[in-house]
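Just so you know, we're using full-length UniProt numbering here: the sequence shown kicks off at 1 and counts up by one.
Input: a single structure, listed below in structure tokens.
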Amino acid sequence: MSSASAILTALSDLTNNPKLEHYDPHICKDIHIKLDKEARDQGLSYEERFEMAKKNMSVYDKWASIFPTGISQCLKEYWKERMSSAPLDPRFPNVNQTKRCWINYVDYQRCMEMKNDEKVCGYFKHLYKDFCPEEWVSKWDDEMDRGVFPGIHD
């Protein structure tokens with residue numbers, strides 16, 4: 001199913017409602033929940049959702065012509081949130097994100113060890129790629145391959 005049909009399916013009951021010409025944060029929250037549910041139902045990974053958001057933002061004008069103004073604004077807000085690099089994580093309040101890099105790399109490796117499913121574990125991969133320098137990841141990947149990575153212990 002394409003992203004367009006997923007969005008139209010999730011929001012089909014909202015296209016012709018005149019009350020939705022104005023932005024309503026409560027309705028917007030419901031829309032975000034519907035869109036996330038549709039993405040989960042389709043089995044989209046975090047990375048695929050990110051790509052879908054980028055694609056939809058690039059054709060936002062088309063969406064604005066289909067939906068009432070309030071809904072269009074919600075869609076724009078939703079896609080901006082999904083396109084942002086990483087959501088705020090209160091465990092890492094400092095500017096230095098080294099620990100966040102490390103933890104997400106380790107969480108990805110542990111998740112893959114337990115689930116072996118890129119769709120399930122891809123969120124952690126997306127985050128560590130966002131926070132970690134490529135040199136570190138290459139070094140850690142090499143250590144993982146050799147079985148000497150210090151972050152995972154049996």
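Quick reminder that beta carbons are idealized off the backbone N, C-alpha and C, glycines included.
All figures in this text were calculated on a predicted structure; none of them were measured in a lab.
Check                                                                                                                    : Outcome
Contact between the region 49-68 and the region 87-97 (3+ Cβ pairs under 8 Å)                                            : no
Backbone CA spacing between W136 and S5 [nearest angstrom]                                                               : 40 Å
Residue 156 classed as buried or exposed, judged by whether at least 16 other C-beta atoms fall within 10 angstroms      : In the structure displayed, the chain extends from 1 to 154; residue 156 sits before or after that span and is not available.
Beta strand (DSSP E) runs contained entirely in the region 66-106, provided each spans 3 or more residues                : none
Given S72 as reference, the closest of H22, Y105, H26, K37 once Cα atoms are compared                                    : H22
CB of G151 within 8 Å of CB of Q109, strictly                                                                            : yes
Cut-off 6 Å between Cβ atoms - residues of its own chain near V106, not counting five sequence neighbours on either side : G151
C-beta atoms of C101 and Y128 nearer than 8 Å                                                                            : yes
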